[in-house]
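Novice: For the sequence shown, my numbering begins at 529 and goes up steadily by one.
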Amino acid sequence: MIKENENQVLIISGESGAGKTESTKLVMQYLAAVNKSGNNLITEQILEANPLLESFGNAKTIRNDNSSRFGKYIELFFKNGAIVGAKTAEYLLEKSRIVTQAPEERNYHVFYEMLEELSDEQKAKYGLQTAPKYFYLNQGGSALIRGRDDADNYRKLTAAMDILNFERQEQETIVKILASVLHIGNMYFKVIQVRRILCY
Ligand SMILES: Nc1ncnc2c1ncn2[C@@H]1O[C@H](COP(=O)(O)OP(=O)(O)OP(=O)(O)O)[C@@H](O)[C@H]1O
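#1: Does the beta-carbon distance from L685 to E641 come in below 8 Å?
#2: How is the beta strand (DSSP E) around G613 delimited, first residue to last?
#3: What first and last residue would you give for the alpha helix (DSSP H) that runs through K607?
#4: Do E603 and N594 have their CB atoms nearer than 8 Å?
#5: Could you check if P660 is buried or exposed, using at least 16 other CB atoms within 10 Å of its CB as the buried criterion?
#6: Inspect the CB distances between the region 629-641 and the region 584-593 and report whether three or more fall short of 8 Å.
#7: For F598 and L621, which I take to be in contact (beta-carbon distance under 8 Å), what is that distance rounded to the nearest angstrom?
#8: Flag this pair as yes or no: are the beta carbons of T750 and A577 separated by less than 8 Å?
#9: Suppose the cutoff is 6 Å on Cβ atoms and the five residues either side in sequence are ignored; what does the same chain contact list for I574 look like?
#10: Among E572, S541, I611 and E543, which has the Cα closest to the Cα of S565?
#11: Closer than 7 Å to a non-hydrogen atom of ligand 1 - does that hold for the CB of E550?
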């Protein structure tokens, strides 16, 4: 890129579980590591976008415990060979997973991570319970993933949000929205018959 002064593109493709997500992380880590002359905060922010995207866009499937349920197009911008910024576009997020999951699969990681890490006090504030209590989280019958620490990943998510300059209030709003989704999933509607008697 520096020698030819031309843009370059890397296409990482393969079936689910092939290693695209892990390879992308390695490529990004490599580019950040060799970017000695660049701005450290920018490279840190670029790397920290990853835990954020994974919590909200990855889930356990029968093929991959950390399957990306969306496509990513990442642009890295260089000036004189140093990274000066990045832009990530996501597309085709599997939205149906929010309301339904196949056996042995999970909803997006963020819900389980939040319920594992929030204090009892915070959970009480939003009326939250444990993952198996929620219809949107218990359909797959697989709330825990062996070898995956949901609580620790929630701490990494909030650390990433801090580095990416999410205000405390914005983070709180995100928790409220996630809690609302879980509560909506536990609402049941009953069909009742009403006989109307009209009196004239
Ligand atoms: N370079 C690697 N080193 C070690 N383990 C790896 C590597 N690449 C992949 N794996 C293992 O394979 C699993 C699946 O990899 P990954 O999540 O990157 O697949 P993917 O192609 O992105 O799948 P999906 O399309 O479902 O998102 C990882 O969780 C990890 O266990």
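Just so you know, even glycine gets a beta-carbon here, dropped at the ideal spot from N, CA and C.
Specialist: On the basis of the coordinates in this document:
#1: When the beta-carbon positions are compared, L685 and E641 come within less than 8 Å of each other.
#2: Unbroken beta strand (DSSP E) run through G613: A610 to Y619.
#3: Element bounds for K607: not the alpha helix (DSSP H) but the beta strand (DSSP E), G599 to K607.
#4: no
#5: exposed
#6: Segment contact: the region 629-641 against the region 584-593, three or more CB-CB distances shorter than 8 Å; contact assigned.
#7: 4 Å
#8: An answer regarding residue 750 cannot be provided, because it is not within the stretch 529 to 728 covered by the chain.
#9: Closer than 6 Å at the Cβ level, and outside the excluded window around I574, lie A614.
#10: I611
#11: Inclusion of E550 in the 7 Å shell around ligand 1 follows from its C-beta lying nearer than that to a non-hydrogen atom of the ligand.
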